[in-house]
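Here the sequence shown stands for residues 2 to 332, numbered as in the working numbering.
Ideal Cβ placement from N, Cα and C applies to all residues, glycine included.
Note that the structure is predicted; figures quoted are calculated from it, not measured.
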Amino acid sequence: MDPALPAALRAAIDLALEGQGGGGLAQRAGRISEGYRQGRASSVLVRDGSDALAYALTRTPATYAATRRALEELRVLRPGFAPLSLLDAGAGPGGGGWAAVDAFASLSACTRLDHSPAFLALAETLSAHGPAVLSGASRLQADLADPGLAPPEADLVLAAYALTEVGPGRLDEVVGRLWSATRGIFLVIEPGTPEGWRRGLQVRALLAAGGGRIVGPCPHAGPCGLSAPDWCHFAQRLPRSRGHRLAKGAEAPFEDEKFFWIAAERPGAQAGPGPARIIAPPRAGKAGVRLRLCQPDGRVEDVEVTRRDRATFARARRLGWGDAFRRPEDQ
Ligand SMILES: C[S@@+](CC[C@H](N)C(=O)[O-])C[C@H]1O[C@@H](n2cnc3c(N)ncnc32)[C@H](O)[C@@H]1O
2 MDPALPAALR AAIDLALEGQ GGGGLAQRAG RISEGYRQGR ASSVLVRDGS DALAYALTRT
62 PATYAATRRA LEELRVLRPG FAPLSLLDAG AGPGGGGWAA VDAFASLSAC TRLDHSPAFL
122 ALAETLSAHG PAVLSGASRL QADLADPGLA PPEADLVLAA YALTEVGPGR LDEVVGRLWS
182 ATRGIFLVIE PGTPEGWRRG LQVRALLAAG GGRIVGPCPH AGPCGLSAPD WCHFAQRLPR
242 SRGHRLAKGA EAPFEDEKFF WIAAERPGAQ AGPGPARIIA PPRAGKAGVR LRLCQPDGRV
302 EDVEVTRRDR ATFARARRLG WGDAFRRPED Q
């Protein structure tokens with residue numbers, strides 16, 4: 002899996018940036034990033050096409066990487082899942098669709114839903130020369146919180162960094178609406194903050210109550226074994242382009258995007274107990290490697306895989322934070 006933006010999307014962003022003043026864009030990007038950190042919504046922060054482009058330059062590489070990683074975990078958990086249609090809810094500049102197409106070559110139809118005309122227009126510009134499923138995507142300008150909204154059904158429904166912007170009082174109805182539109186799997190990506198995790202757990206409970214079966218990252222459907230101040234989240238490393246570094250005033254050639262994901266499926270789709278998941282960075286030592294695992298029975302457990310346990314160690318040493326963990330004898 003490559004967490005970097007596909008070359009065609011990067012080139013489309015670069016093309017859209019031509020003619021935009023670098024300084025002005027850096028200012029916009031700074032204002033938008035700061036606003037998101039303070040918990041403000043896109044509707045306040047992204048007012049026109051230039052703001053949307055500043056988001057695409059500074060945030061899309063990271064939200065793409067996190068979404069692509071969660072989709073990769075889905076592929077591991079459900080190797081037979083081959084969605085034909087995608088609903089990208091709160092699509093923004095459309096990075097989620099690019100990640101989904103990269104993960105699932107089976108996709109042949111896509112609907113982007115967003116209430117922001119600026120984001121929808123930019124998503125169309127950026128995908129104009131992209132894969133046919135994206136250049137021909139349907140556009141739905143709509144408010145997820147609208148009680149009259151019946152989103153089009155899709156095999157894969159994605160809400161990446163979008164439920165964050167739905168008020169807590171509206172979360173259950175919005176999740177219910179998107180779950181109703183889900184024929185296969187509903188995937189939610191949230192920022193990897195304590196608040197994003199708490200919202201993810203709320204979504205998990207709502208989906209389970211609505212008859213959904215949790216696909217991941219949790220290998221079980223019981224209560225979460227973590228409690229504050231601990232929280233479940235993952236990290237995806239991604240390269241930073243020169244333009245991105247300039248816009249963010251950042252030095253390092255990479256960044257680590259922290260995120261949380263939750264996915265549920267319609268019962269009847271293929272099932273099976275989930276594998277344990279590594280929920281913290283593995284710690285390598287002389288004797289072996291130490292893994293913090295969320296176990297299929299709901300326990301959170303620190304497990305030492307020693308070098309003496311050769312087959313398991315050979316596997317464990319290649320794994321990272323967020324990966325599924327199976328002992329060779331469990332397969
Ligand atoms: C932080 S951006 C995420 C964009 C994209 N999914 C990504 O991962 O980069 C949140 C998006 O959700 C959209 N959004 C927020 N609340 C919405 C609502 N009530 N109805 C429709 N779209 C909404 C915003 O316009 C924005 O495009």
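Heavy atom of ligand 1 within 8 Å of residue i beta-carbon
i, result
"residue 194", "no"
"residue 204", "no"
"residue 236", "no"
"residue 44", "yes"
"residue 158", "no"
"residue 146", "yes"
"residue 143", "yes"
"residue 114", "yes"
"residue 120", "yes"
"residue 176", "no"
"residue 310", "no"
"residue 169", "no"
"residue 68", "yes"
"residue 47", "yes"
"residue 182", "no"
"residue 117", "yes"
"residue 40", "no"
"residue 140", "no"
"residue 126", "no"
"residue 60", "yes"
"residue 335", "Past the edges of the chain, shown from 2 to 332, lies residue 335, and the structure says nothing about it."
"residue 90", "yes"
"residue 166", "yes"
"residue 307", "no"
"residue 190", "yes"
"residue 64", "yes"
"residue 283", "no"
"residue 96", "yes"
"residue 149", "no"
Whole-number beta carbon distance between residue j and residue i, since they are thought to touch under 8 Å
i, j, result
"residue 234", "residue 255", "Contact doesn't hold; Cβ gap of about 18 Å is too wide."
"residue 157", "residue 185", "6 Å"
"residue 123", "residue 53", "4 Å"
"residue 88", "residue 152", "6 Å"
"residue 66", "residue 188", "Going by Cβ atoms, the distance from residue 66 to residue 188 rounds to 15 Å, so no, they are not a contact pair."
"residue 245", "residue 58", "6 Å"
"residue 98", "residue 135", "5 Å"
"residue 288", "residue 308", "7 Å"
"residue 155", "residue 50", "Not a contact, Cβ separation roughly 27 Å."
"residue 8", "residue 126", "Contact doesn't hold; Cβ gap of about 17 Å is too wide."
"residue 1", "residue 253", "Here the chain has residues from 2 to 332 only, and residue 1 is not among them."
"residue 284", "residue 295", "With 8 Å as the limit, residue 284 and residue 295 do not qualify as a contact, their Cβ atoms being about 16 Å apart."
Whether residue i touches residue j by CB criterion (9 Å)
i, j, result
"residue 328", "residue 316", "yes"
"residue 239", "residue 63", "yes"
"residue 300", "residue 216", "no"
"residue 68", "residue 100", "yes"
"residue 141", "residue 115", "yes"
"residue 236", "residue 195", "no"
"residue 306", "residue 291", "yes"
"residue 128", "residue 43", "no"
"residue 159", "residue 176", "no"
"residue 148", "residue 174", "yes"
"residue 297", "residue 276", "yes"
"residue 219", "residue 200", "no"
"residue 145", "residue 180", "no"
"residue 324", "residue 74", "yes"
"residue 202", "residue 280", "no"
"residue 56", "residue 94", "yes"
"residue 150", "residue 143", "yes"
"residue 133", "residue 105", "no"
"residue 111", "residue 138", "yes"
"residue 266", "residue 213", "yes"
"residue 250", "residue 31", "yes"
"residue 121", "residue 61", "no"
Residues bridged to residue i [DSSP beta-bridge criterion]
i, result
"residue 58", "Looking at the DSSP assignment, residue 58 forms no beta bridge with any residue, so it has no partner."
"residue 190", "161 and 262"
"residue 183", "155"
"residue 92", "None; residue 92 has no bridge partner."
"residue 115", "142"
"residue 110", "86"
"residue 121", "None; residue 121 has no bridge partner."
"residue 21", "DSSP lists no partner for residue 21."
"residue 178", "DSSP, once it has assigned bridges, lists no residue as partnering residue 178."
"residue 239", "256"
is_contact[residue i, chain B] using C-beta, thresh 9 Å
i, result
"residue 6", "You won't find chain B in this structure, because it holds only one protein chain."
Check: residue i C-beta below 8 Å from any heavy atom of ligand 3
i, result
"residue 143", "Here the bound small molecules are ligand 1; ligand 3 is not part of this structure."
- Query: Along the chain, which unbroken stretches of the alpha helix (DSSP H) at least 4 residues long are found entirely within the segment 193-235?
  - Reply: With a minimum length of 4 residues, the continuous alpha helix (DSSP H) runs that stay inside the segment 193-235 are 195-210.
- Contiguous alpha helix (DSSP H) assignments of at least 4 residues, all confined to the segment 241-326: Here the runs fully enclosed are 243-249 and 311-317.
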